[in-house]
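These notes concern the structure reproduced below.
Numbering (the working numbering), first residue to last: 116 to 319.
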C-alpha cells in the first residue's frame, strides 16, 4: 500500500522487491516513493502484478522489471492494468484469490495448446471471452462459459505467470548486493509539499 516503500527506505532498506499491492480499498504504491527509493540508492525490482506495472513505468529511472509480465508492460506488448488485477476474498480467510488474472489465463491457454488439449480455435475463443470479462467477474466458471469440460481442463492444467515472475524476483533479490549505490545519472528527485507530508506520515 501507499507509504510502504517510503517506510522501508526510512528503515534502512537497500534492496526492495515489489510484487503486488492493493489499489481499491487503500491507496496503491506511489510512483513518488519508488523514485525516492531510487534517489536514495536503493535497488528496486518489480514483477508479477503491481510490481510489474510500476517497474515498467519507472524503468527509465532505474527500477528493474523482472519476469515476463513486467517486460511485456515495458515493451508495450501489454498495456492494460486490469490484465494483472484480481478480486480477493476476506482477509480473515487469508485473502484467497477469487478470480483469474488475464495474464494467468493466457499462460494456462498456452499450456493447454502446447499439450494439445485444446485447438488453436478454442484457445482464441477462450482468450477473447476472457478479455471481455471485467476482472472481478473473471472466475474459472465464467471463463468456462457453460463448458464443463473446458472448466475441468483449465483447473487441471492451471498455470500462473504471476507466480513464476514473483519467484524469479525472489531469486533476483537473493543475488542483489545489499548495499545502497549512487542513483542513475541524468535525473534528480524533486520533492513537493505533498511529498513532505507523505514522509511525515511514513515516519510515524
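Glycine residues also receive a C-beta, built at the ideal position from the N, C-alpha and C atoms. Owing to the predicted nature of the structure, the values given are computational and were not obtained by experimental measurement.
If you measure between the beta carbons of residue 162 and residue 284, is that distance less than 8 Å?
In the chain shown, the residue the question calls residue 162 occupies position 47. In the chain shown, the residue the question calls residue 284 occupies position 169. In contact: residue 162 and residue 284 (Cβ atoms closer than 8 Å).
Helix, strand or coil: which one does DSSP assign to residue 285?
Here residue 285 is taken as the residue at index 170 of the chain shown, counted from 1. Reduced to three states, the DSSP call for residue 285 is helix.
Could you give the first and the last residue of the continuous beta strand (DSSP E) run that contains residue 158?
As a first step, residue 158 is located in the chain shown; it is residue number 43 there, counting from the start. Note, residue 158: beta strand (DSSP E), 158 to 161.
In this structure, how does DSSP classify residue 191 when only helix, strand and coil are distinguished?
Residue numbering aside, residue 191 sits at position 76 when the chain shown is read from its first letter. Coil, per DSSP.
Tell me which same chain residues have a C-beta within less than 8 Å of the C-beta of residue 288, skipping the five on either side of it?
By one-based count along the chain shown, residue 288 stands at place 173. If we look at residue 288 and ignore the five residues flanking it on each side, its Cβ neighbours are 130, 132 and 160.
Tell me whether the beta-carbon of residue 267 lies closer than 8 Å to the beta-carbon of residue 227.
Translated into the one-based positions of the chain shown, residue 267 becomes position 152. Translated into the one-based positions of the chain shown, residue 227 becomes position 112. Going by C-beta atoms, residue 267 is not nearer than 8 Å to residue 227.
With a floor of 4 residues, list each alpha helix (DSSP H) that falls wholly inside the stretch 198 to 261, ordered by position along the chain.
217 to 229, 235 to 247 and 255 to 259
Check whether the Cβ atoms of residue 202 and residue 213 lie closer than 8 Å to each other.
By 1-based counting over the chain shown, the position of residue 202 is 87. By 1-based counting over the chain shown, the position of residue 213 is 98. Contact: yes.
Decide if residue 145 is buried, meaning its Cβ has at least 16 other Cβ atoms within 10 Å, or exposed.
Here the question's residue 145 lines up with position 30 in the chain shown. Looking at its Cβ environment, which holds 16 or more other Cβ atoms inside 10 Å, residue 145 is buried.
Rounded to whole angstroms, how far is the Cβ of residue 198 from the Cβ of residue 217, which I believe are closer than 8 Å?
For the purposes of this step, residue 198 is identified with residue 83 of the chain shown, where counting begins at 1. For the purposes of this step, residue 217 is identified with residue 102 of the chain shown, where counting begins at 1. At roughly 4 Å, the Cβ-Cβ gap stays under 8 Å, so residue 198 and residue 217 are in contact.
Answer yes or no: the CB of residue 156 versus the heavy atoms of the ligand GDP, is any distance below 7 Å?
Looking for the ligand GDP in the displayed structure turns up nothing, as the structure carries no ligands at all.
With distance defined between alpha-carbon atoms, name the residue in 277, 299 and 300 nearest to residue 135.
Start at 1 with the first residue of the chain shown, and residue 135 comes out as number 20. Residue 277 is the option with its Cα nearest to residue 135.
In the DSSP assignment, the beta strand (DSSP E) including residue 306 goes from what residue to what residue?
As a position in the chain shown, residue 306 is number 191, starting the count at 1. It is not in any beta strand (DSSP E) - residue 306 carries neither H nor E in the DSSP assignment.
Residue 124 - containing alpha helix (DSSP H), residue span
Position 9 of the chain shown, counted from the start, is the residue given in the question as residue 124. Its alpha helix (DSSP H) spans residues 119 to 125.
Indicate whether the contact test is met: 3 or more Cβ pairs, each with one atom in the stretch 164 to 171 and one in the stretch 181 to 193, closer than 8 Å.
yes
Nearest candidate by alpha-carbon position, reference residue 127, set 281, 183, 211 and 157:
For the purposes of this step, residue 127 is taken as residue 12 along the chain shown, with counting starting at 1. Nearest option by C-alpha distance: 157.
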